[in-house]
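Worksheet: one structure, shown below.
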């Protein structure tokens with residue numbers, strides 16, 4: 010250091026030293042989290058707790074049956090909690106307070122878990138509906154914990170991992186769903202468990218635990234929701250094919266085919282039982298639009314696809330329910346779409362400009378993209394068939410993809426991080442922080458104003 014140091018030089022040196030200390034502190038903290046199992050679990054638990062607190066706003070801030078299809082879901086829970094069943098009464102179920110036949114044809118695992126907990130704790134479905142909502146919130150929070158561990162396993166620094174996983178709460182419908190009664194909560198957890206098992210697989214060492222975790226996630230997903238089962242099956246098949254010779258080696262290992270065989274046996278047992286007992290893989294008491302006649306005219310397929318995309322995109326920032334909320338208005342809506350644009354730009358633009366820095370996509374990223382495409386096409390085909398049969402533009406709900414939001418953010422930014430990716434991530438992070446800190450207040454205000462208008 011020079012003998013004669015001017016005052017401003019001392020200030021600059023002090024500032025540089027402070028920045029260096031801050032950098033070292035952050036580096037040590039990141040290393041402590043990444044290198045320690047306890048550190049990783051603690052980090053993941055904090056993120057899970059954050060998401061649970063977001064869901065808690067809606068658990069106690071919304072009335073029964075305001076969230077989408079809450080009464081049909083609660084009816085199945087009641088049949089198990091209060092009527093002594095182990096699976097819902099798919100043959101004669103009647104919706105609580107409504108009396109119509111239950112049109113939910115989902116597999117029973119979510120209802121069995123929630124209903125058996127309710128029976129053990131002597132809950133009444135209508136009186137204690139908020140306690141059943143707590144189960145959903147806990148399932149989603151456990152899913153967030155797994156997504157945080159996945160992010161660290163993919164090599165993200167803890168700050169990046171926290172932003173990418175925590176940004177799920179910036180999609181208004183996700184914490185709202187987590188605070189309501191629906192099987193999407195268990196679907197969210199199932200996908201997180203499956204992906205965690207997948208990223209744990211290491212060809213250079215035994216992967217018994219990884220195979221068991223992935224197969225558990227697959228089985229839970231298939232026994233929770235048909236859409237999730239389709240996505241996970243497509244993901245697994247695409248991943249095995251893209252792995253090539255390594256994929257074939259996985260299939261030959263006892264560590265793989267034992268848990269896979271158990272999962273297949275459990276799933277097949279239920280679906281065969283459903284087919285023989287009820288005549289359908291997805292039994293239900295009633296069907297929506299069953300008595301609606303075919304329309305005299307309907308959109309052509311190209312126009313329907315356009316409407317499908319436009320409606321889904323427009324509904325992304327909305328809490329779409331029986332009592333819908335629109336917490337993101339004006340500038341907040343632009344911030345929301347800007348946040349969603351950043352992962353897209355990183356996949357499409359950044360990879361084209363900085364191709365050498367990124368390197369090739371991994372088989373996991375490609376398999377995820379293919380599975381997502383197959384799921385979207387299946388959703389499109391289903392809604393198109395309903396439109397042709399009944400004339401309805403129904404089922405166009407972004408919430409059907411809620412279980413994929415963390416995966417989209419993580420896989421879009423996974424890999425090398427050139428300067429362009431860092432710039433896009435910075436914009437993404439700023440938008441996410443603004444939205445996550447604002448949405449609970451904005452949604453609560455919208456909620457209060459709606460009741461005041463009554």
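Residue numbers (this note's numbering): 10 to 463.
Ideal placement from N, C-alpha and C gives every residue a C-beta, glycine not left out.
Practice problem: For residue 253, name the three-state secondary structure that DSSP assigns. | Solution: Taking the first residue of the chain shown as 1, we reach residue 253 at position 244. Here residue 253 sits in coil by DSSP.
Practice problem: Decide if residue 445 is buried, meaning its Cβ has at least 16 other Cβ atoms within 10 Å, or exposed. | Solution: As a position in the chain shown, residue 445 is number 436, starting the count at 1. By the 10 Å Cβ count, residue 445 comes out buried.
Practice problem: Report the option in 334, 48, 77 and 178 whose CA atom is closest to the CA atom of residue 404. | Solution: For the purposes of this step, residue 404 is taken as the residue at position 395 of the chain shown. Taking only the C-alpha atoms, the option nearest residue 404 is 77.
Quiz item: Rounded to a whole number of angstroms, what is the C-alpha to C-alpha distance between residue 156 and residue 305?
Solution: In the chain shown, counting from the first residue as 1, residue 156 sits at position 147. In the chain shown, counting from the first residue as 1, residue 305 sits at position 296. Residue 156 and residue 305 have their alpha carbons spaced roughly 47 Å apart.
Exercise. Report back the beta-carbon spacing between residue 120 and residue 69 to the nearest angstrom; my notes put them in contact at under 8 Å.
Key: Locating residue 120 in the chain shown gives position 111, where the first residue counts as 1. Locating residue 69 in the chain shown gives position 60, where the first residue counts as 1. Incorrect: roughly 23 Å between the Cβ atoms, too far for contact.
Quiz prompt | Assumed close pair residue 111, residue 365 - CB separation to whole angstroms, cut-off 8 Å | solution = In the chain shown, residue 111 corresponds to position 102, counting from 1. In the chain shown, residue 365 corresponds to position 356, counting from 1. About 56 Å separates the beta carbons of residue 111 and residue 365, which is beyond the 8 Å limit, so they are not a contact pair.
Practice problem: Quick one: residues in its chain with C-beta nearer than 7 Å to the C-beta of residue 144, no 5 flanking neighbours on either side, listed in chain order? | Solution: Taking the chain shown and counting its residues from 1, one reaches residue 144 at position 135. Taken in chain order, the residues that qualify are 123 and 126.
Quiz item: If you compare alpha carbons, which of 255, 243, 239 and 58 is closest to residue 214?
Solution: Stepping through the chain shown from its first residue, residue 214 is reached at position 205. If we check each option's Cα against that of residue 214, 255 comes out closest.
Quiz item: Rounded to a whole number of angstroms, what is the C-alpha to C-alpha distance between residue 410 and residue 441?
Solution: To locate residue 410, count along the chain shown from 1; it is residue 401. To locate residue 441, count along the chain shown from 1; it is residue 432. Here the C-alpha atom of residue 410 lies approximately 19 Å from the C-alpha atom of residue 441.
Practice problem: State the start and end residues of the unbroken alpha helix (DSSP H) segment that holds residue 187. | Solution: Position 178 of the chain shown, counted from the first residue, corresponds to residue 187. 182 to 187 is the extent of the alpha helix (DSSP H) around residue 187.
Practice problem: Please work out which residues of its chain come closer than 6 Å, Cβ to Cβ, to residue 177, disregarding the five sequence neighbours upstream and downstream, and give them in chain order. | Solution: If you number the chain shown from 1, residue 177 lands on position 168. The residues are 183, 414 and 415.
Quiz prompt | Top-ranked residue by Cα proximity to residue 277, from 313, 248, 238 and 259 | solution = Taking the first residue of the chain shown as 1, we reach residue 277 at position 268. Of the candidates 313, 248, 238 and 259, the one whose C-alpha sits nearest the C-alpha of residue 277 is 238.
Quiz item: What does DSSP give as the partner residues of residue 328 in its beta bridges?
Solution: Mapped onto the chain shown, residue 328 falls at position 319. Answer by DSSP bridge pairing, in chain order: 334.
Quiz prompt | residue 116 and residue 234 closer than 9 Å at C-beta | solution = Position 107 of the chain shown, counting from 1, holds the residue named residue 116. Position 225 of the chain shown, counting from 1, holds the residue named residue 234. With contacts defined as CB atoms closer than 9 Å, residue 116 and residue 234 qualify as a contacting pair.
Exercise. Please determine, among 431, 128 and 336, the residue with the shortest C-alpha to C-alpha distance to residue 351.
Key: Walking along the chain shown from the start, residue 351 turns up at place 342. Checking every option, the nearest Cα to that of residue 351 belongs to 431.
Quiz item: If we count the other Cβ atoms within 10 Å of its Cβ and call it buried at 16 or more, is residue 315 buried or exposed?
Solution: As a working note, residue 315 is residue 306 in the chain shown. That one is exposed.
Exercise. Check whether the Cβ atoms of residue 104 and residue 135 sit closer than 9 Å, and answer yes or no.
Key: As a working note, residue 104 is residue 95 in the chain shown. As a working note, residue 135 is residue 126 in the chain shown. For residue 104 and residue 135, no; Cβs fall outside 9 Å.
Quiz item: Tell me the DSSP bridge mates of residue 140?
Solution: Taking the first residue of the chain shown as position 1, residue 140 is located at position 131. Bridge partners of residue 140 according to DSSP: none are assigned.
Quiz item: Per DSSP, residue 2 is paired with what?
Solution: The displayed coordinates of the chain run from 10 to 463. Any statement about residue 2 would go beyond what the structure contains.
Quiz prompt | Burial state of residue 258 (16 or more Cβ within 10 Å) | solution = In the chain shown, residue 258 corresponds to position 249, counting from 1. Residue 258 comes out exposed.
Quiz item: What separation, rounded to the nearest whole angstrom, lies between the Cα atoms of residue 33 and residue 65?
Solution: In the chain shown, counting from the first residue as 1, residue 33 sits at position 24. In the chain shown, counting from the first residue as 1, residue 65 sits at position 56. Low confidence applies here, because residue 33 scores a pLDDT of 48, under 50, leaving its location unreliable; read the following figure in that light. Taking the straight line from one Cα to the other gives about 36 Å.
Self-check item: Rounded straight-line distance, which links the Cα of residue 53 to that of residue 249
Solution: Sequence index remark: in the chain shown, residue 249 carries index 240 (1-based). Sequence index remark: in the chain shown, residue 53 carries index 44 (1-based). Cα-Cα distance, rounded: 28 Å.
Practice problem: Confirm, please, whether the CB-CB distance from residue 60 to residue 194 is below 9 Å. | Solution: By 1-based counting over the chain shown, the position of residue 194 is 185. By 1-based counting over the chain shown, the position of residue 60 is 51. The beta carbons of residue 194 and residue 60 sit no closer together than 9 Å.
Quiz item: Measuring CA to CA, which of 328, 285, 370 and 171 is closest to residue 251?
Solution: As a position in the chain shown, residue 251 is number 242, starting the count at 1. If we check each option's Cα against that of residue 251, 370 comes out closest.
Quiz item: How big is the Cα-Cα spacing for residue 189 and residue 89?
Solution: On the chain shown, position 180 is the one that residue 189 refers to. On the chain shown, position 80 is the one that residue 89 refers to. For the pair residue 189 and residue 89, the Cα-to-Cα distance works out to about 18 Å.
Practice problem: Following the continuous alpha helix (DSSP H) through residue 373, name the residue where it begins and the one where it ends. | Solution: The residue labelled residue 373 in the question sits at position 364 within the chain shown. Residues 372 to 399.
Quiz item: Whose CA, out of 407, 395 and 401, lies closest to the CA of residue 385?
Solution: To locate residue 385, count along the chain shown from 1; it is residue 376. Comparing Cα-Cα distances from residue 385 to each of 407, 395 and 401, the minimum goes to 407.
Quiz prompt | Euclidean distance between Cα positions of residue 132 and residue 138 | solution = As a first step, residue 132 must be located in the chain shown, where it is residue number 123. As a first step, residue 138 must be located in the chain shown, where it is residue number 129. When rounded, the distance between both Cα atoms is 8 Å.
Quiz item: If you run the structure through DSSP and keep just helix, strand and coil, what is residue 308?
Solution: As a first step, residue 308 is located in the chain shown; it is residue number 299 there, counting from the start. Shown here, residue 308 sits in coil according to DSSP, grouped into three states, outside any helix or strand.
Self-check item: Rounded C-alpha distance that separates residue 438 from residue 141
Solution: Position 429 of the chain shown, counted from the start, is the residue given in the question as residue 438. Position 132 of the chain shown, counted from the start, is the residue given in the question as residue 141. In this model, residue 438 and residue 141 are separated by some 33 Å (Cα to Cα).
Quiz item: Exposed or buried, which one is residue 82 when buried takes at least 16 other CB atoms within 10 Å?
Solution: Start at 1 with the first residue of the chain shown, and residue 82 comes out as number 73. Its Cβ being crowded by 16 or more others within 10 Å, residue 82 is buried.
Practice problem: Quick one: using the 10 Å Cβ neighbour count with 16 as the cut-off for buried, is residue 102 buried or exposed? | Solution: As a working note, residue 102 is residue 93 in the chain shown. Classification for residue 102: buried.
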